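These notes concern the structure reproduced below.
Protein chains in written order, with this note's numbering: chain V, 38 to 244; chain Z, 4 to 210.
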């Protein structure tokens with residue numbers, strides 16, 4: 038039975054799973070969850086994802102949620118080098134890179150996206166002070182990325198992993214919103230590399 | 004050669020890994036990084052941790068940082084069930100729980116701890132509005148934890164994993180400042196269980 042992906046076509050986290058499916062050549066059936074109608078808070082959906090968030094998957098009866106967990110599961114199942122679980126040191130270096138993404142990138146980019154992209158869509162005013170603070174914080178973190186990417190091709194080493202790909206959804210939303218965060222040489226090289234991958238091209242405008 | 008941990012005892016990240024070392028009976032040498040003197044931003048320390056944060060480790064020449072990556076590395080090396088790698092499904096369920104911790108707990112709990120504990124230590128004023136907002140959001144998330152923990156003993160299933168343990172530093176900080184966030188039946192049961200473990204008792208007030 039084919040993998041079912043429940044989510045919202047434009048959602049960053051839903052596309053995080055979709056890009057990994059494309060990388061691994063895993064076919065999926067996409068089932069849209071109607072966020073505007075509050076479908077994600079219905080009892081039926083809460084059975085799939087108890088926090089009432091998207092995405093969630095059903096893999097032939099095996100249910101999971103949290104996009105980064107889903108991605109690791111799919112990559113582990115496929116035995117893919119995108120998630121190098123067979124080598125403790127490579128796995129450790131991968132987990133450092135994965136931790137960098139959710140600790141040193143996500144808290145900034147998700148808040149900037151909320152202020153600059155989501156709030157206007159809901160008729161709410163952007164808090165420019167918050168955007169400025171988050172952007173300053175992000176810029177400082179990306180200086181460390183620049184150092185890391187000067188020593189190796191990707192965040193976990195010289196091969197691309199899920200940790201790089203996890204940056205694609207929010208990175209792309211921000212660039213689209215006119216926030217040019219990957220402008221220094223190594224960041225630019227890395228970003229151009231990962232964002233031009235066919236897997237991302239396939240889902241960047243929607244799942 | 005014994006594992007070296009560079010850190011600062013009262014920080015969450017440092018105690019997250021000293022706790023894992025105690026769980027796994029891994030001896031370590033603890034080297035204090037003088038945060039008050041800005042040692043974490045010196046060129047020498049930035050070689051260990053390019054973001055200038057604690058902790059970092061040196062395991063017989065193998066260098067890592069990011070506490071949750073370090074925790075996974077040590078558990079994987081020890082072949083411990085705290086990190087269930089045996090099959091993609093168990094692993095997927097673990098990663099869901101780990102993702103819940105850093106997405107649905109950490110952003111709220113860490114901000115509250117920062118406002119109520121770390122800012123006063125630096126002579127800065129607590130922003131009570133931020134605390135109230137984060138606490139309200141955290142309380143909502145913990146309602147879902149209550150549901151999950153009504154179906155299984157721990158966050159990833161019926162056995163304890165790193166995902167449960169990773170909550171201890173900030174969870175304890177919340178309790179310390181008087182926020183009784185683990186008060187509903189299943190949360191109380193789970194919290195009493197994990198916080199009474201000898202490993203946490205050994206490191207909660209020091210390294």
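Each residue gets a CB set at the ideal place from its N, CA and C atoms; glycine is no exception.
Source: prediction; values computed, not measured.
Quiz item: Do the CB positions of residue 20/Z and residue 95/Z come within less than 8 Å of each other?
Solution: No. Outside cutoff.
Residue 101/V bridges to which residues according to DSSP?
DSSP lists 94/V as the beta-bridge partner residues of residue 101/V.
What does the Cβ neighbour count give for residue 181/Z, buried or exposed, with the cut at 16 atoms within 10 Å? Exposed, because fewer than 16 other Cβ atoms sit within 10 Å of the Cβ of residue 181/Z.
TODO: Determine the closest residue to residue 11/V out of 167/V, 133/V, 190/V and 58/V, with distance taken between C-alpha atoms.
DONE: Past the edges of chain V, shown from 38 to 244, lies residue 11/V, and the structure says nothing about it.
Would you list, in chain order, the members of the region 83 to 101 of chain Z that have their beta-carbon closer than 9 Å to a beta-carbon of chain V?
-> Cβ contacts with chain V come from 88, 90, 91, 92, 94, 95, 96, 97, 98, 99, 100 and 101.
Report the residue from 202/Z, 194/Z and 70/Z whose alpha carbon sits nearest the alpha carbon of residue 148/Z. Put simply, of 202/Z, 194/Z and 70/Z the residue whose alpha carbon is nearest the alpha carbon of residue 148/Z is 194/Z.
What are the start and end residues of each continuous alpha helix (DSSP H) run of 4 or more residues lying completely inside the region 71 to 137 of chain Z, in chain order?
-> List check, alpha helix (DSSP H) in window: 91 to 103 and 109 to 116.
Which same chain residues, not among the five before or five after residue 66/V, have their C-beta less than 6 Å away from its C-beta?
-> So the list reads 39 and 41, once near-sequence residues are dropped.
**Report entry** Per DSSP, cross-strand counterpart(s) of residue 32/Z
**Finding:** Residue pairing by DSSP puts residue 32/Z in a beta bridge opposite 7/Z.
Practice prompt. Assess, as a yes-or-no matter, whether the region 163 to 179 of chain Z is touched by the region 101 to 110 of chain Z under the definition of 3 or more beta carbon pairs within less than 8 Å.
Written response: Enough Cβ pairs lie closer than 8 Å, so yes.
Query raised in the report: Does residue 84/V have its Cβ less than 8 Å from a Cβ in chain Z?
Result: The beta carbon of residue 84/V does not come within 8 Å of any beta carbon belonging to chain Z, so the residue lies off that interface.
What's the C-alpha gap between residue 98/V and residue 85/Z?
Residue 98/V and residue 85/Z: Cα-Cα distance of roughly 25 Å.
* Alpha carbon to alpha carbon, how far is residue 234/V from residue 194/V? -> Taking the Cα positions, residue 234/V is about 18 Å away from residue 194/V.
| request: Identify, in the order they occur along the chain, each residue of the same chain with its Cβ nearer than 6 Å to the Cβ of residue 141/V, setting aside the five sequence neighbours on each side. | output: Exclusion of the five residues before and after residue 141/V leaves 178 as the residues of its chain whose Cβ lies within less than 6 Å of its Cβ.
Buried/exposed call for residue 174/Z, threshold 16 Cβ in 10 Å | Buried.
Report task. Find out if the Cβ-Cβ distance for the pair residue 197/V, residue 218/V is shorter than 8 Å. Result -> For residue 197/V and residue 218/V, no; Cβs fall outside 8 Å.
| query | For residue 44/V, which residues does DSSP report across the bridge? | reply | In DSSP, residue 44/V forms a bridge with 69/V.
Quiz item: On the premise that residue 133/V lies in contact with residue 68/Z, defined as a C-beta separation below 8 Å, what is that separation, rounded to the nearest angstrom?
Solution: Indeed they touch by this definition, with Cβ atoms about 6 Å apart.
* Asked: Exposed or buried, residue 170/Z, counting other C-beta atoms within 10 Å across all chains shown (16 or more means buried)?
  -> In summary, residue 170/Z is buried, with 16 or more beta-carbon neighbours lying within 10 Å of its beta-carbon over all protein chains present.
| message | So, under 8 Å CB-CB, residue 88/V and residue 107/Z are touching, yes? Tell me the CB distance rounded to an integer number of Å. | response | Here residue 88/V really is in contact with residue 107/Z; their C-beta atoms are around 6 Å apart, less than 8 Å.
ask   = Would the beta-carbon of residue 112/V fall within 8 Å of that of residue 61/V?
value = For residue 112/V and residue 61/V, yes; Cβs fall inside 8 Å.
Q. For residue 213/V, which residues of its own chain have a beta-carbon under 7 Å away from its beta-carbon, when the five flanking residues on both sides are left out?
A. So the list is empty, once near-sequence residues are dropped.
_Using a Cβ-Cβ cutoff of 7 Å, what residues of the region 59 to 77 of chain Z are near chain V? List them in chain order._
Listed in sequence order: 65, 67, 68, 69, 71, 72, 75 and 76.
Can you confirm whether residue 169/V, when its beta carbon is compared against all beta carbons of chain Z, has any partner nearer than 8 Å?
At least 8 Å separates the CB of residue 169/V from every CB of chain Z.
Inset, instruction - Compare the C-alpha of residue 116/V against each of 199/V, 207/V and 227/V and name the closest. - result: Selected option, being the one with the closest Cα: 199/V.
In terms of residue numbering, what span does the beta strand (DSSP E) encompassing residue 65/Z cover?
Residue 65/Z -> beta strand (DSSP E) spans 65 to 68.
**Asked** Who pairs with residue 60/Z in a beta bridge, going by DSSP?
**Response** Answer by DSSP bridge pairing, in chain order: 8/Z and 67/Z.
- Alpha carbon to alpha carbon, how far is residue 118/V from residue 124/V? Within the model, the alpha-carbon separation for residue 118/V versus residue 124/V is close to 10 Å.
Any alpha helix (DSSP H) of 4 or more consecutive residues that is wholly inside the region 158 to 188 of chain V:
Whole alpha helix (DSSP H) segments, 4+ residues: 165 to 188.
Out of curiosity, what's the CA-to-CA distance linking residue 11/Z and residue 33/Z?
Spanning the two alpha carbons is a distance of roughly 9 Å.
Next item on the list: Answer with yes or no whether the minimum CB distance from residue 53/Z to chain V is below 8 Å.
Entry: Yes, because at least one Cβ of chain V sits closer than 8 Å to the Cβ of residue 53/Z.
Return no unless some Cβ of chain Z is closer than 8 Å to the Cβ of residue 140/V. The beta carbon of residue 140/V falls within 8 Å of a beta carbon belonging to chain Z, placing the residue at that interface.
Could you compute how far the alpha carbon of residue 154/Z sits from the alpha carbon of residue 73/V?
As the crow flies, the alpha-carbon of residue 154/Z is around 30 Å from that of residue 73/V.
query = What residues from the region 142 to 158 of chain Z come within 8 Å of chain V, judged by C-beta to C-beta, listed N to C?
reply = Per Cβ criterion, the list reads 144, 147, 150 and 151.
query: Can you give the Cα-Cα distance for residue 81/Z and residue 29/Z, rounded to whole angstroms?
result: One C-alpha to the other measures close to 9 Å.
- Task: Could you tell me how far apart the beta carbons of residue 9/Z and residue 51/Z are, in whole angstroms, since I believe they sit closer than 8 Å?
- Result: Indeed, because the Cβ distance is near 6 Å, the residues count as touching under 8 Å.
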